[in-house]
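>
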(Lines of atoms letter the chains of each structure in order from A and count residues from 1; the text may use other names and numbers.)
(Lines give C-alpha, C1' and ligand atoms only; values in the text may rest on other atoms or scores of the structure.)
Protein backbone atom coordinates (compact mmCIF):
# COMPACT_ATOMS: atom_id res chain seq x y z
CA UNK A 1 0.00 0.00 0.00
CA UNK A 2 1.21 3.52 -0.75
CA UNK A 3 1.10 6.34 1.76
CA UNK A 4 -1.39 8.23 -0.40
CA UNK A 5 -3.76 5.26 -0.44
CA UNK A 6 -3.58 4.88 3.33
CA UNK A 7 -4.44 8.56 3.85
CA UNK A 8 -7.38 8.35 1.43
CA UNK A 9 -8.82 5.29 3.14
CA UNK A 10 -8.27 6.84 6.57
CA UNK A 11 -10.07 10.01 5.43
CA UNK A 12 -12.94 7.80 4.26
CA UNK A 13 -13.36 6.45 7.79
CA UNK A 14 -11.25 3.29 7.72
CA UNK A 15 -9.14 2.72 10.81
CA UNK A 16 -7.95 -0.88 10.73
CA UNK A 17 -4.74 -1.29 8.72
CA UNK A 18 -3.20 -4.05 10.82
CA UNK A 19 -0.51 -6.03 9.10
CA UNK A 20 -0.06 -3.73 6.09
CA UNK A 21 3.32 -3.17 4.47
CA UNK A 22 4.37 0.49 4.37
CA UNK A 23 8.10 -0.13 4.42
CA UNK A 24 10.10 2.71 2.95
CA UNK A 25 7.17 5.14 2.64
CA UNK A 26 8.18 8.78 3.08
CA UNK A 27 5.15 10.62 4.45
CA UNK A 28 7.04 13.90 4.18
CA UNK A 29 6.74 13.66 0.39
CA UNK A 30 2.94 13.27 0.40
CA UNK A 31 1.03 16.49 -0.44
CA UNK A 32 -1.52 17.27 2.28
CA UNK A 33 -3.81 20.10 3.29
CA UNK A 34 -2.63 21.73 6.49
CA UNK A 35 0.58 21.27 8.40
CA UNK A 36 0.24 17.74 9.77
CA UNK A 37 -1.17 14.30 9.05
CA UNK A 38 -3.82 13.20 11.55
CA UNK A 39 -3.95 9.42 12.04
CA UNK A 40 -5.51 9.45 15.51
CA UNK A 41 -6.64 6.00 16.63
CA UNK A 42 -5.34 4.16 13.56
CA UNK A 43 -4.65 0.42 13.89
CA UNK A 44 -1.23 -0.40 12.47
CA UNK A 45 -0.58 -3.40 14.68
CA UNK A 46 1.94 -5.74 13.13
CA UNK A 47 2.48 -3.36 10.20
CA UNK A 48 5.85 -3.22 8.46
CA UNK A 49 7.03 0.39 8.70
CA UNK A 50 10.70 -0.29 8.09
CA UNK A 51 12.57 2.92 7.21
CA UNK A 52 9.31 4.89 7.01
CA UNK A 53 9.75 8.66 7.41
CA UNK A 54 7.16 10.46 9.55
CA UNK A 55 7.12 14.22 10.07
CA UNK A 56 4.39 16.18 11.89
CA UNK A 57 2.13 13.12 12.17
CA UNK A 58 -0.51 12.72 14.89
CA UNK A 59 -0.68 9.08 16.03
CA UNK A 60 -2.49 9.73 19.31
CA UNK A 61 -3.98 6.49 20.69
CA UNK A 62 -2.73 4.58 17.64
CA UNK A 63 -2.22 0.82 17.87
CA UNK A 64 1.32 0.01 16.76
CA UNK A 65 1.72 -3.14 18.83
CA UNK A 66 4.19 -5.57 17.27
CA UNK A 67 4.77 -3.11 14.42
CA UNK A 68 8.16 -3.06 12.71
CA UNK A 69 9.77 0.38 12.61
CA UNK A 70 13.36 -0.61 11.91
CA UNK A 71 15.52 2.44 11.17
CA UNK A 72 12.40 4.60 10.81
CA UNK A 73 12.61 8.37 11.14
CA UNK A 74 10.26 10.57 13.19
CA UNK A 75 10.22 14.30 13.82
CA UNK A 76 7.46 16.08 15.73
CA UNK A 77 5.38 12.89 15.85
CA UNK A 78 2.67 12.66 18.51
CA UNK A 79 2.29 9.18 20.02
CA UNK A 80 0.35 10.19 23.12
CA UNK A 81 -1.38 7.12 24.55
CA UNK A 82 -0.21 4.96 21.64
CA UNK A 83 0.21 1.20 22.02
CA UNK A 84 3.72 0.12 20.98
CA UNK A 85 3.93 -3.06 23.03
CA UNK A 86 6.35 -5.51 21.49
CA UNK A 87 7.17 -3.14 18.62
CA UNK A 88 10.55 -3.42 16.89
CA UNK A 89 12.03 0.08 16.98
CA UNK A 90 15.70 -0.79 16.61
CA UNK A 91 17.68 2.00 15.01
CA UNK A 92 14.69 4.37 15.09
CA UNK A 93 15.53 8.08 15.00
CA UNK A 94 13.00 10.40 16.64
CA UNK A 95 13.33 14.02 17.70
CA UNK A 96 11.18 16.45 19.70
CA UNK A 97 8.14 14.19 19.83
CA UNK A 98 5.36 13.70 22.37
CA UNK A 99 5.09 10.10 23.57
CA UNK A 100 3.29 10.82 26.83
CA UNK A 101 1.49 7.79 28.32
CA UNK A 102 2.61 5.59 25.42
CA UNK A 103 2.89 1.88 26.17
CA UNK A 104 6.30 0.59 25.09
CA UNK A 105 6.42 -2.48 27.28
CA UNK A 106 8.64 -5.20 25.79
CA UNK A 107 9.42 -2.96 22.80
CA UNK A 108 12.90 -3.19 21.30
CA UNK A 109 14.54 0.24 21.09
CA UNK A 110 18.10 -1.02 20.89
CA UNK A 111 20.55 1.37 19.18
CA UNK A 112 17.76 3.92 18.65
CA UNK A 113 18.35 7.67 18.76
CA UNK A 114 15.53 9.38 20.62
CA UNK A 115 16.41 12.99 21.35
CA UNK A 116 14.25 15.29 23.49
CA UNK A 117 11.20 13.02 23.62
CA UNK A 118 8.48 13.51 26.23
CA UNK A 119 7.80 10.07 27.75
CA UNK A 120 5.96 11.35 30.81
CA UNK A 121 3.90 8.53 32.36
CA UNK A 122 4.98 6.16 29.60
CA UNK A 123 5.21 2.42 30.28
CA UNK A 124 8.53 0.86 29.30
CA UNK A 125 8.54 -2.26 31.46
CA UNK A 126 10.88 -4.94 30.05
CA UNK A 127 11.74 -2.73 27.05
CA UNK A 128 15.17 -3.13 25.46
CA UNK A 129 17.05 0.19 25.33
CA UNK A 130 20.52 -1.29 24.84
CA UNK A 131 23.02 1.27 23.50
CA UNK A 132 20.21 3.76 22.79
CA UNK A 133 20.84 7.51 22.73
CA UNK A 134 18.11 9.04 24.91
CA UNK A 135 19.54 12.46 25.65
CA UNK A 136 17.18 15.14 27.02
CA UNK A 137 14.23 12.73 27.26
CA UNK A 138 11.56 13.15 29.94
CA UNK A 139 10.75 9.99 31.91
CA UNK A 140 8.72 11.79 34.57
CA UNK A 141 6.45 9.28 36.38
CA UNK A 142 7.40 6.65 33.79
CA UNK A 143 7.29 2.93 34.59
CA UNK A 144 10.65 1.47 33.57
CA UNK A 145 10.82 -1.70 35.63
CA UNK A 146 13.18 -4.40 34.34
CA UNK A 147 14.31 -2.42 31.29
CA UNK A 148 17.52 -3.44 29.54
CA UNK A 149 19.56 -0.26 29.20
CA UNK A 150 23.17 -1.43 29.00
CA UNK A 151 25.47 1.35 27.74
CA UNK A 152 22.47 3.64 27.22
CA UNK A 153 22.95 7.42 27.21
CA UNK A 154 20.47 9.24 29.49
CA UNK A 155 22.39 12.54 29.64
CA UNK A 156 20.22 15.54 30.62
CA UNK A 157 17.25 13.21 31.22
CA UNK A 158 14.37 13.82 33.63
CA UNK A 159 13.52 10.87 35.91
CA UNK A 160 11.34 12.58 38.51
CA UNK A 161 9.41 9.80 40.31
CA UNK A 162 10.33 7.27 37.61
CA UNK A 163 10.03 3.60 38.63
CA UNK A 164 13.15 1.62 37.64
CA UNK A 165 12.97 -1.42 39.90
CA UNK A 166 15.31 -4.18 38.68
CA UNK A 167 16.36 -2.09 35.67
CA UNK A 168 19.60 -3.16 34.02
CA UNK A 169 21.58 0.07 33.68
CA UNK A 170 25.05 -1.43 33.52
CA UNK A 171 27.55 1.07 32.08
CA UNK A 172 24.72 3.56 31.44
CA UNK A 173 25.49 7.28 31.32
CA UNK A 174 23.21 9.19 33.70
CA UNK A 175 24.77 12.64 33.66
CA UNK A 176 23.29 16.10 34.31
CA UNK A 177 19.97 14.33 34.90
CA UNK A 178 17.15 15.01 37.37
CA UNK A 179 16.60 11.96 39.60
CA UNK A 180 14.40 13.41 42.33
CA UNK A 181 12.20 10.72 43.95
CA UNK A 182 13.20 8.10 41.36
CA UNK A 183 13.07 4.45 42.45
CA UNK A 184 16.09 2.30 41.50
CA UNK A 185 15.36 -0.52 43.96
CA UNK A 186 17.39 -3.65 43.11
CA UNK A 187 18.57 -2.04 39.87
CA UNK A 188 21.86 -2.99 38.21
CA UNK A 189 24.05 0.12 37.98
CA UNK A 190 27.39 -1.67 37.75
CA UNK A 191 30.02 0.61 36.20
CA UNK A 192 27.37 3.25 35.46
CA UNK A 193 28.11 6.97 35.63
CA UNK A 194 25.98 9.11 37.98
CA UNK A 195 27.48 12.51 37.36
CA UNK A 196 26.30 16.04 38.21
CA UNK A 197 22.65 15.05 38.74
CA UNK A 198 19.92 16.64 40.86
CA UNK A 199 19.14 13.87 43.33
CA UNK A 200 16.78 14.26 46.28
CA UNK A 201 15.06 11.26 47.91
CA UNK A 202 16.30 8.74 45.35
CA UNK A 203 15.81 5.08 46.31
CA UNK A 204 18.76 2.73 45.64
CA UNK A 205 17.93 0.01 48.19
CA UNK A 206 19.47 -3.35 47.26
CA UNK A 207 20.90 -1.83 44.06
CA UNK A 208 24.04 -3.35 42.52
CA UNK A 209 26.35 -0.37 42.06
CA UNK A 210 29.79 -1.96 41.91
CA UNK A 211 32.25 0.25 40.07
CA UNK A 212 29.76 3.11 39.79
CA UNK A 213 31.20 6.59 39.43
CA UNK A 214 29.35 9.14 41.55
CA UNK A 215 29.86 12.88 41.35
CA UNK A 216 26.34 13.79 42.42
CA UNK A 217 25.40 15.43 45.72
CA UNK A 218 22.64 13.15 46.99
CA UNK A 219 20.19 14.42 49.61
CA UNK A 220 17.85 12.26 51.73
CA UNK A 221 18.44 9.28 49.45
CA UNK A 222 18.36 5.61 50.43
CA UNK A 223 21.38 3.39 49.72
CA UNK A 224 20.57 0.78 52.37
CA UNK A 225 21.74 -2.72 51.42
CA UNK A 226 23.23 -1.37 48.19
CA UNK A 227 26.50 -2.79 46.86
CA UNK A 228 28.82 0.16 46.21
CA UNK A 229 32.00 -1.89 46.09
CA UNK A 230 34.87 -0.68 43.90
CA UNK A 231 32.97 2.50 43.08
CA UNK A 232 34.10 6.08 43.53
CA UNK A 233 32.67 9.14 45.29
CA UNK A 234 34.50 12.34 44.46
CA UNK A 235 34.28 15.90 45.83
CA UNK A 236 30.74 15.79 47.21
CA UNK A 237 28.55 16.79 50.10
CA UNK A 238 26.07 13.99 50.82
CA UNK A 239 23.32 14.89 53.27
CA UNK A 240 20.87 12.81 55.32
CA UNK A 241 21.29 9.65 53.26
CA UNK A 242 20.74 6.09 54.51
CA UNK A 243 23.77 3.79 54.06
CA UNK A 244 22.76 1.09 56.55
CA UNK A 245 24.06 -2.35 55.53
CA UNK A 246 25.61 -0.88 52.39
CA UNK A 247 28.74 -2.56 51.04
CA UNK A 248 31.77 -0.34 50.35
CA UNK A 249 34.61 -2.83 49.80
CA UNK A 250 37.27 -1.19 47.62
CA UNK A 251 35.24 2.00 47.19
CA UNK A 252 37.29 5.16 46.65
CA UNK A 253 35.89 8.12 48.57
CA UNK A 254 37.78 11.35 47.95
CA UNK A 255 37.01 14.79 49.40
CA UNK A 256 33.49 13.80 50.40
CA UNK A 257 31.53 15.14 53.35
CA UNK A 258 28.72 12.99 54.75
CA UNK A 259 26.34 15.07 56.86
CA UNK A 260 23.78 13.47 59.18
CA UNK A 261 23.77 10.15 57.31
CA UNK A 262 22.61 6.81 58.72
CA UNK A 263 25.33 4.15 58.80
CA UNK A 264 24.39 1.19 60.98
CA UNK A 265 26.57 -1.71 59.85
CA UNK A 266 28.58 -0.96 56.73
CA UNK A 267 31.74 -2.56 55.41
CA UNK A 268 34.91 -0.64 56.23
CA UNK A 269 36.48 1.56 53.60
CA UNK A 270 39.60 3.66 53.20
CA UNK A 271 38.67 7.28 52.69
CA UNK A 272 39.51 10.87 53.40
CA UNK A 273 35.79 11.55 53.88
CA UNK A 274 34.50 13.83 56.60
CA UNK A 275 31.56 12.42 58.54
CA UNK A 276 29.48 14.95 60.45
CA UNK A 277 26.60 14.02 62.72
CA UNK A 278 24.62 16.58 64.65
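In the working numbering, the protein residues as written are 733 to 1010.
Just so you know, even glycine gets a beta-carbon here, dropped at the ideal spot from N, CA and C.
I need the straight-line Cα distance from residue 976 to residue 968, nearest angstrom please.
Translated into positions along the chain shown, residue 976 becomes position 244. Translated into positions along the chain shown, residue 968 becomes position 236. So the alpha carbons of these two residues sit roughly 19 Å apart.
> Taking the beta carbon of residue 790 as the centre, do at least 16 other beta carbons fall within 10 Å, making it buried, or is it exposed?
Within the chain shown, numbered from 1, the residue matching residue 790 stands at position 58. So residue 790 ends up on the buried side.
> Kindly list the residues whose CB is nearer than 6 Å to the CB of residue 984, restricted to its own chain and excluding five residues on each side of it in sequence; keep chain order.
For the purposes of this step, residue 984 is taken as residue 252 along the chain shown, with counting starting at 1. Closer than 6 Å at Cβ, skipping near neighbours: 964.
> Hey, could you find the ends of the beta strand (DSSP E) residue 845 is sitting in?
In the chain shown, residue 845 corresponds to position 113, counting from 1. 845 to 847 is the span of the beta strand (DSSP E), which, as asked, contains residue 845.
> Please list, in chain order, all residues of the same chain as residue 875 whose beta carbon is under 7 Å from its beta carbon, the five residues on each side excluded.
If you number the chain shown from 1, residue 875 lands on position 143. Taken in chain order, the residues that qualify are 855, 856, 857 and 895.
> From residue 757 to residue 809, what distance separates their C-alpha atoms?
Locating residue 757 in the chain shown gives position 25, where the first residue counts as 1. Locating residue 809 in the chain shown gives position 77, where the first residue counts as 1. Roughly 15 Å between the two C-alpha positions.
> What does DSSP give as the partner residue(s) for residue 785 in the beta ladder?
Taking the chain shown and counting its residues from 1, one reaches residue 785 at position 53. The partner list for residue 785 (beta bridge, DSSP) reads 758 and 805.
> Mapping the DSSP letters down to three states, classify residue 945 as helix, strand or coil.
Numbered from 1 along the chain shown, position 213 holds the residue referred to as residue 945. Here residue 945 sits in strand by DSSP.
> Answer yes or no: do residue 897 and residue 919 have a C-beta to C-beta separation smaller than 8 Å?
What you label residue 897 is simply residue 165 of the chain shown in a count that begins at 1. What you label residue 919 is simply residue 187 of the chain shown in a count that begins at 1. Closer than 8 Å, so yes.
> First and last residue of the alpha helix (DSSP H) that includes residue 743?
Here residue 743 is taken as the residue at index 11 of the chain shown, counted from 1. From DSSP, the alpha helix (DSSP H) with residue 743 extends over 735 to 743.
> What number of angstroms, rounded off, separates the C-alpha of residue 885 from the C-alpha of residue 842?
The residue you call residue 885 lines up with position 153 of the chain shown. The residue you call residue 842 lines up with position 110 of the chain shown. The straight-line gap from Cα to Cα measures roughly 12 Å.
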